[in-house]
Amino acid sequence: SSCAARLGGSNAMCKNMPSGRWPPSARSAAPRTTGAATGYRDDEPPSSGCAPFPGGRPRREDPRLEQQQQQQQQHARDGEERSAEAAPSRGFPYSRLSASALRRQRRQRATNLASKLTAERNGSRAGDGNMQGRPSRSRTSGTIRSNGKAVHCAKLVEGLEAGGKARAAAVAALRGSVVPLAFDAIGCRAVQLALQLAERKASAELAEELRGHVSEAIRSPHANYVIQKIIEVLPMASASFIAEELCGMGVEVARHRYGCRILCRLLEHSATEPGPIKLFNEVLGGVGGLCRHSFGHYVIQSVLEHGTPEQRHTIAAALRAELTRSVQNRNACYVIENALSYCSAEDRQALVDGLISGGPGRLAALAQHQFGSHVVRALLRMPGEGSQLAVGQLRTAASQLQATKYGRRLLEDFGLQIGDGTCDRRT
18 SSCAARLGGS NAMCKNMPSG RWPPSARSAA PRTTGAATGY RDDEPPSSGC APFPGGRPRR
78 EDPRLEQQQQ QQQQHARDGE ERSAEAAPSR GFPYSRLSAS ALRRQRRQRA TNLASKLTAE
138 RNGSRAGDGN MQGRPSRSRT SGTIRSNGKA VHCAKLVEGL EAGGKARAAA VAALRGSVVP
198 LAFDAIGCRA VQLALQLAER KASAELAEEL RGHVSEAIRS PHANYVIQKI IEVLPMASAS
258 FIAEELCGMG VEVARHRYGC RILCRLLEHS ATEPGPIKLF NEVLGGVGGL CRHSFGHYVI
318 QSVLEHGTPE QRHTIAAALR AELTRSVQNR NACYVIENAL SYCSAEDRQA LVDGLISGGP
378 GRLAALAQHQ FGSHVVRALL RMPGEGSQLA VGQLRTAASQ LQATKYGRRL LEDFGLQIGD
438 GTCDRRT
């Protein structure tokens with residue numbers, strides 16, 4: 018029924034009706050419906066001057082429903098934006114990134130978030146401490162001290178490089194303040210330069226100030242360079258206190274990001290001195306784990322290159338005991354490479370026998386492995402019967418190697434022939 022029919026069939030009454038009001042007779046004659054069914058209040062009139070609607074009163078949207086729809090649309094848009102932002106980390110749409118790339122992205126997001134939070138905290142502190150926006154007294158004094166230290170270190174470097182009396186004056190100015198400067202990002206450079214350019218006696222006196230601070234210095238991102246410089250420029254008689262203070266914590270130092278550097282410098286410059294020998298005998302007590310450690314394997318490689326024959330034999334024996342585990346390890350595979358180069362002939366042959374004793378299948382599996390292929394390459398470069406046996410085993414499994422990335426590269430790099438005598442090179 019139409020609007021006119023409900024109002025008594027008079028369209029004129031609808032047209033002449035005052036705007037914004039229903040006459041009592043029309044309001045009582047019209048059927049009452051709920052807002053949930055029609056989308057508007059039952060006592061709300063249509064706009065003035067409307068024509069009859071065949072389906073009843075004109076439909077008007079409830080503002081609450083319209084607001085709800087807008088919120089749902091906004092949520093959908095926000096979800097699309099979040100998906101687009103997360104697309105690189107998820108490989109959007111469905112493209113895959115490497116695990117290392119995903120880790121870099123997570124670290125970058127964490128760094129950005131930490132920087133943002135730090136900036137917000139600093140801003141809030143500045144606002145709380147000084148409503149004018151001027152820097153606080155403590156921050157200003159800290160900046161002045163930092164700038165003053167930078168100027169002081171710059172003058173020291175200038176005097177050290179000038180030579181003569183200026184250098185002597187700079188060295189004299191450093192006395193008594195080596196420790197605080199060594200742990201400073203700018204000051205450590207001045208101390209290193211003084212150790213390198215000053216006379217031997219003066220350098221030894223400066224180094225002596227770090228006695229008792231070695232354990233702390235090797236863990237510092239700045240002072241560890243000063244310790245390395247002492248080992249490089251001074252004789253072991255003047256730097257012996259470094260190895261002495263590290264005794265009892267050798268394995269721990271070898272596993273440290275900065276500590277492993279100190280041990281490598283000791284091996285390079287004083288591997289045969291009594292103090293370092295004692296220290297590295299202690300380090301080799303944990304050789305099995307250090308071979309596979311991210312930082313420790315650098316120390317073990319340095320022992321193979323600069324250590325004593327007894328120390329090399331200890332490492333070779335540890336590698337043979339866990340050869341299957343170590344040969345496919347990211348870090349230990351490089352230790353095995355060095356062992357095949359620096360160990361005695363007997364120890365090298367024992368390692369070769371352990372690598373090829375499993376037959377063509379085992380050596381082929383190593384050649385197809387990302388890290389095991391490094392060991393196979395070192396084996397093929399060795400002179401003697403062992404490398405010839407390895408070549409024969411690899412040729413037997415050449416078709417299997419050709420189907421894998423690392424195996425194919427090994428065949429191509431060493432020119433191993435397969436099939437009709439040619440090496441099928443694939444990109």
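Quick note on my numbering: the sequence shown kicks off at 18 and runs consecutively.
Built from N, CA and C at the ideal position, the CB exists for glycine as well.
None of these values were measured; they are calculated from a predicted model.
*By Cβ distance, which residues of its chain are closer than 6 Å to Asn355, with the 5 residues on each side in sequence left out?*
Gln318 and Leu321
_Quick check on Gln209: buried or exposed, where buried means 16 or more other Cβ atoms within 10 Å of its Cβ?_
With 16 or more Cβ atoms within 10 Å of its Cβ, Gln209 is classed as buried.
*Contacts around Leu214, its chain only, beta-carbon distance under 7 Å, and the 5 residues preceding and following it disregarded*: The answer, listed in chain order, is Leu177 and Arg184.
*DSSP three-state call for Arg358: helix, strand or coil?*
The sequence as given places Ser at residue 358; Arg does not occur at that position. DSSP places Ser358 in helix when its eight states are reduced to three.
_Short of 8 Å in beta carbon distance, which residues of its chain neighbour Gln345, apart from the five on each side in sequence? Order them along the chain._
Leu383, His386, Phe388 and Gly389
*asked:* What does the Cβ neighbour count give for Glu363, buried or exposed, with the cut at 16 atoms within 10 Å?
replied: exposed
_Quick check for students: name the residue ranges of the alpha helix (DSSP H) that lie wholly in the stretch 307-365, counting only runs of 4 or more._
313-323, 326-338, 340-343 and 349-359
_I need the straight-line Cα distance from Ser117 to Arg126, nearest angstrom please._
14 Å
_Exposed unless 16 or more other CB atoms sit within 10 angstroms - verdict on Pro293_ = buried
*For the alpha helix (DSSP H) containing Thr413, list its first residue and its last residue.*
Glu402 to Thr413
_Whole-Å CB distance - Ala256 paired with Ile247, under 8 Å assumed_ = 5 Å
*Would you tell me roughly how many angstroms separate the C-alpha atoms of Val188 and Ala219, rounded to the nearest one?*
8 Å
*Below 8 Å CB to CB, which residues in the same chain sit around Leu191 once its five sequence neighbours on both sides are set aside?*
Leu173, Leu198, Ala207, Val208, Ala211 and Leu223
*Note the first and the last residue of the continuous alpha helix (DSSP H) segment covering Arg282.*
Gly276 to Ser287
*The alpha helix (DSSP H) spanning Ala240 covers which residue range?*
Ala240 to Val250
*Figure out for me which residue from Ser132, Thr413 and Leu114 has the closest Cα to the Cα of Arg379.*
Thr413
*Under three-state DSSP, which class holds Ser416?*
helix
*asked:* Let me confirm a value: Gly180 is counted as buried when at least 16 other C-beta atoms fall within 10 Å, else exposed. Which label applies?
replied: exposed
_Under DSSP, the alpha helix (DSSP H) around Gly265 begins and ends at which residues?_
That residue, Gly265, is in no alpha helix (DSSP H); it is neither H nor E in DSSP.
*Close beta carbons around Ala333, own chain, < 6 Å, minus the five adjacent residues each side*: Contacts found: Ala356, Cys360 and Asp364.
*Spatial neighbours of Arg347 within its chain, please: CB distance less than 6 Å, with the 5 preceding and 5 following residues excluded, ordered by chain position.*
Hits under 6 Å: Phe388.
_For Phe200, the nearest candidate out of Ser416, Cys281 and Arg236 (CA to CA)_ = Arg236
*Using three-state DSSP, classify Phe258 as helix, strand or coil.*
helix
*asked:* What would DSSP say about Thr135, mapped onto helix, strand or coil?
replied: In the structure shown, Thr135 sits in a helix (DSSP, three-state: H, G or I).
_Is the beta carbon of His239 closer than 7 Å to that of Gly205?_
Correcting the residue identity first, residue 205 is Cys in this sequence and not Gly. Contact flag set, yes.
_Is the beta carbon of Glu175 closer than 7 Å to that of Val196?_
no
*Once you ignore the five residues that flank Arg325 on each side, which residues in its own chain have a CB closer than 8 Å to its CB?*
Residue identity differs from the one stated: residue 325 is Thr in this sequence, not Arg. Non-local C-beta neighbours of Thr325 in its own chain, meaning closer than 8 Å and more than five positions away in sequence, comprise Ala288, Thr289 and Ile294, ordered along the chain.
*Among residues of its own chain, excluding the 5 on either side of Val369, which ones have a beta-carbon nearer than 6 Å to its beta-carbon?*
Gly403
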